[in-house]
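Participant: Handing you a structure now.
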Amino acid sequence: MTAPEYVPGHDLLAGKVVAVTAGAGAGIGASVVRRALEEGAKAVVFSDTHERRLAEAEATLAEEFGADRVRQLVCDVTDEAQLTAFLDAADEFGGIDVMVNNAGLGGTASILEMTDEQWTRVLDITLTGTFRCIRAAGNRMVAAGKKGVIVNNASVIGWRAQEGQAHYAAAKAGVMALTRSAAMDLAPHGIRVNAVSPSLAMHPFLAKVTSDELLAELKDREAFKRAAEPWEVANVMVFLASDYASYMTGEVVSVSSQHA
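Take 1 as the starting number for the sequence shown in full-length UniProt numbering and just add one per residue.
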């Protein structure tokens, strides 16, 4: 089954200031940045760790949507100073309304051969990085009296078993649990916290680092026998960020038929 045609925006995020981590490139984060702009966001501040990729993305988006609506900064979510500078940039537009935590790191290694360094790096970026972003964005929203929204990117790997993915699976399962608990902490302030759990979203980098045989196997597991397009996952994230999801919090929404 082929992917449906791209759906135009409907101003779901009109007037909102949106921050997206790992938002350059061609994956889910980049699709969220574009979709937020198409949905009428006042401004989108996005980060990545690759300066060249960030600059190229900003130039393209500024030409299409206006330079006054886009801003990029290098931000490693393991670095508190960089994270602070990233959110300071959102303050220049009036303060953050929506935080999309997309930064994560994967890898493949048997539990028998996985090093402490491999384990720690994946957990620090994927799980602890998400925690840092929730804490930082949540504090700013509370201080500003904003009933903001936080959307995290989890993965079906947090639900199902897959060899070579112990560190990534643990991190993504942690993101799911973190989402549920953070939602309860922030609910008294009117701040919603949800997550998406994608399965297979196709983009050039994934195709580069994954064998054709494994991609074919993963696609065959899906109900539609194809990978999701990154923008199909971004659509769900934008929905969760919008007022259409005003009573949803602490939820992990699977963007896939795969749970186990």
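C-beta atoms are modelled at their ideal positions from N, C-alpha and C, and glycine is treated no differently.
In angstroms, rounded to a whole number, what distance separates the CA positions of residue 242 and residue 38?
Facilitator: Answer to the nearest angstrom: the Cα atoms are 13 Å apart.
Participant: Taking 6 Å as the limit between beta carbons, can you name the residues of its chain near residue 141, skipping five residues before and five after?
Facilitator: Answer for residue 141: 148 and 191, listed in chain order.
Participant: Going by alpha carbons, who is nearest to residue 23 out of 4, 73, 16 and 65?
Facilitator: Comparing Cα-Cα distances from residue 23 to each of 4, 73, 16 and 65, the minimum goes to 73.
Participant: From residue 174 to residue 127, what does the alpha carbon distance come to, in whole angstroms?
Facilitator: The alpha-carbon atoms of residue 174 and residue 127 are separated by roughly 6 Å.
Participant: List the endpoints of the continuous beta strand (DSSP E) containing residue 160.
Facilitator: Note, residue 160: premise wrong, no beta strand (DSSP E); not H, not E.
Participant: Determine the burial state of residue 220: buried for a count of at least 16 other Cβ atoms within 10 Å of its Cβ, exposed for fewer.
Facilitator: Residue 220 is exposed by the Cβ-count criterion.
Participant: What residue range does the beta strand (DSSP E) around residue 46 cover?
Facilitator: Segment 43 to 48, the beta strand (DSSP E) holding residue 46.
Participant: Check the C-beta distance from residue 238 over to residue 196 and give it rounded, since I have them as a contact under 8 Å.
Facilitator: About 10 Å; that fails the 8 Å criterion.
Participant: Nearest to residue 110 by alpha carbon, out of 168, 10, 40 and 199?
Facilitator: For residue 110, the nearest C-alpha among the options comes from 168.
Participant: Using beta-carbon positions only, say whether residue 183 and residue 90 come within less than 8 Å of one another.
Facilitator: Contact flag unset, no.
Participant: Nearest to residue 177 by alpha carbon, out of 137, 40, 82 and 159?
Facilitator: When each option's Cα is compared against that of residue 177, the closest is 159.
Participant: The beta strand (DSSP E) spanning residue 77 covers which residue range?
Facilitator: Looking at the DSSP string, residue 77 is not in any beta strand (DSSP E), and its letter there is neither H nor E.
Participant: Ordered along the chain, which non-local residues of its own chain (more than five positions away) have a Cβ less than 8 Å from that of residue 56?
Facilitator: 24.
Participant: Going by other Cβ atoms of all chains shown within 10 Å of its Cβ, with 16 needed for buried, is residue 120 buried or exposed?
Facilitator: It counts as exposed.
Participant: Going along the chain, which residues of its own chain have a beta-carbon closer than 7 Å to the beta-carbon of residue 16, five neighbours each way excluded?
Facilitator: Hits under 7 Å: 41, 42, 97 and 98.
Participant: Just how far apart, CA to CA, sit residue 222 and residue 180?
Facilitator: The alpha-carbon atoms of residue 222 and residue 180 are separated by roughly 26 Å.
Participant: Can you give me the C-alpha to C-alpha distance between residue 256 and residue 199, rounded to a whole angstrom?
Facilitator: Using only the alpha carbons, I get a separation of about 6 Å.
Participant: Can you tell me the Cα-Cα spacing of residue 6 and residue 71, whole angstroms?
Facilitator: For residue 6 and residue 71, the distance between alpha carbons rounds to 25 Å.
Participant: What are the boundary residues of the beta strand (DSSP E) that residue 192 is part of?
Facilitator: 192 to 198 is the span of the beta strand (DSSP E), which, as asked, contains residue 192.
Participant: For residue 151 versus residue 77, is the C-beta distance shorter than 8 Å?
Facilitator: For residue 151 and residue 77, no; Cβs fall outside 8 Å.
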